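Have a look at the structure below before the remarks.
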Amino acid sequence: MKSIVILLTAFVLGGCAIMRSTDPYLSVSMPSRSLSARTSPPVSPAKMPEGPLTLQRAIEVALANNPEVTARGWDATAAQARRDQAFGARLPRLGIVSGYAHSLDEQRLIAASKNAEPGLLQAISWGGGLPA
């Protein structure tokens, strides 16, 4: 029995170590499947190619400097993050809640329900005085 508990604990803790950790300080990198990641870095006007511009080079410069292409890449990254979040919502969750209360006063767990059982009795006076 003890070995089963140890094995189960190792399995649960091992599963926690295997899952992808989320680091909020990790910089976001563009996925390689987006169009902007496949193009060259933006070209400044000072580094424009000298001489005649070929069609292939013009397309590369246009894609590298087009903000809409970069925005589409970020949209694809955001869609992937939403998909991962939806997948994570379907995974099972394990939670542990614990509590403890202690009182030095003895308490009666079951209230008195019959006349012979001890309980708190109080005389109710009708009419405010001695019986006639």
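Residue numbering for the sequence shown follows our numbering, beginning at -1 and increasing consecutively. Beta carbons: idealized from backbone N, C-alpha and C, even for Gly. Quick caveat: nothing in here was measured; it's all calculated off a predicted structure.
Query, Result
"First and last residue of the uninterrupted alpha helix (DSSP H) at Val95", "Premise fails: Val95 is in no alpha helix (DSSP H) and is neither H nor E."
"DSSP-derived helix/strand/coil call for Glu58", "helix"
"Start and end residues, alpha helix (DSSP H) containing Glu48", "Glu48 -> no alpha helix (DSSP H), and no H or E assigned at all."
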